[in-house]
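Please read the structure below before turning to the comments.
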Amino acid sequence: MGIRSWTAARSSEGRLRRAFFDRPATGLARALLGARLRVAGPNGARTARLVEVEAYLRGDPASHAYRGRTRRNRSMFRSPGTLYVYRIHQVVCANLVARRGEAVLLRAAAIEGDGDPREGRGPGRLCRALGITIADDGATVVGPGRFVVYGPARSPRVVRRGPRIGIRRAAERPLRFWLEGEPSVSRPRRTTASASPTRSRDGGRYPRSRTRSRPSSGGGRRGGRTAGR
DNA sequence: CCTCGGATCAGCT
DNA sequence: GCTGATCCGAGGA
């Protein structure tokens, strides 16, 4: 289901509404690139422009929701626009819930305002830079609260896609999306963290589909269907 | 209960 | 490039 009307999905100030998030995570991931996440805190607000995201889908073995609902992943089954924050090792990572059971991992952002924009490099650092903690799990960005997401500027941008990072299952699926030329984006990884060093199967080349998003041609996604599965 | 390993990151070779 | 930190959730016994 596509977004029927973009004006219905954004407020006049560009704030994204629930309808914007209520769709498959792949499309939401792409659409979120360039969007701004604003987090209010005791010392004022910080805003970050999203430059790298990953989609986690229904029936996706890499998704935390794959084996059904548990205490940890319950936020993934809440309404679109909910934050799903989980802990890994010593850090937390944040997702935005798409349609039920799907989510978009926020992998990297350019931090705006004071400080180093690269503080938002990587999902753990992104959360740290914005002050997102495990206590924010289950919060929403489409209602009252400390979180707001503003839609991407309607300016040209080049979206690239490739395999997700740091996962073992379904690692080949090209569900990571990023903006070309952004310094906060994760460096391409050549070898998947695997026990076998010499085991590179496709030579590290994946089909990069480039999608141009233009100011007023909202729906014009073009060709670039890659060898996804 | 116990074991396993991770949607990471910093630091080292 | 590779390893360890560090700890909790998930899943099996």
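Residues in the first sequence are numbered from 529 upward in steps of one, following my numbering.
For each residue, glycine too, the CB sits at the ideal point set by N, CA and C.
Exercise for the section: Out of P570, C655, A573, V581, point me to the one whose CA is closest to D714's CA. Expected result: First, the residue type needs correcting, since residue 714 is Ser and not Asp in the sequence shown. Among P570, C655, A573, V581, the Cα nearest to that of S714 belongs to V581.
Practice task
For G673, I'd like the list of residues in its chain whose CB is within less than 6 Å of its CB, leaving aside the five on either flank, ordered along the chain.
Solution key: A667
Problem - Bounding residues of the alpha helix (DSSP H) (the contiguous stretch that carries A559) - result: 553 to 560
Exercise for the section: Could you tell me which residues DSSP puts in a beta bridge with C621? Expected result: Y614
Exercise for the section: Leaving out five residues on either side along the sequence, give the residues of the same chain with a beta carbon under 6 Å from the beta carbon of P589. Expected result: R697, A698
Problem - Other residues of its chain near R606: CB distance less than 7 Å, five sequence neighbours each side excluded - result: V625, G666
Practice task
May I have the straight-line CA-CA distance separating R574 from G659, to the nearest angstrom?
Solution key: 9 Å
Handout entry: Beta-ladder partner(s) of F705, from DSSP
Key = V581, R689
Problem - N- and C-terminal bounds of the beta strand (DSSP E) containing F675 - result: 675 to 678
Practice task
Give the DSSP-derived three-state secondary structure of I639 in the structure shown.
Solution key: strand
Practice task
Would you mind working out which of G650, A536, L707 sits nearest A636, comparing C-alpha positions?
Solution key: G650
Problem - Burial state of V677, where buried means 16 or more other Cβ atoms lie within 10 Å - result: buried
Problem - Given L585 as reference, the closest of A557, A576, Y614 once Cα atoms are compared - result: A557
Exercise for the section: Could you check which residue in P608, Y612, A547 has the C-alpha nearest to that of A663? Expected result: Y612
Practice task
Decide if L642 is buried, meaning its Cβ has at least 16 other Cβ atoms within 10 Å, or exposed.
Solution key: Sequence inspection shows Asp at residue 642; the Leu mentioned does not correspond to that position. So D642 counts as exposed.
Handout entry: Distance between V686 and R602 (C-alpha atoms, nearest Å)
Key = 34 Å
Practice task
Note down the Cα distance separating R727 from P691, rounded to an integer number of angstroms.
Solution key: Because the pLDDT of R727 is 30, which lies under 50, any placement of that residue in the model is unreliable, and the number read from its coordinates should be weighed accordingly. Between R727 and P691, the C-alpha separation is close to 16 Å.
Handout entry: Environment of S591 [buried if 16+ CB atoms lie within 10 Å]
Key = buried
Exercise for the section: Just mark I695 as buried or exposed, buried being the case when its beta carbon has 16 or more other beta carbons within 10 Å. Expected result: buried
Exercise for the section: Could you tell me the boundaries of the alpha helix (DSSP H) in which L654 lies? Expected result: 651 to 658
Problem - R646 versus L654: straight-line alpha-carbon distance, rounded - result: 9 Å
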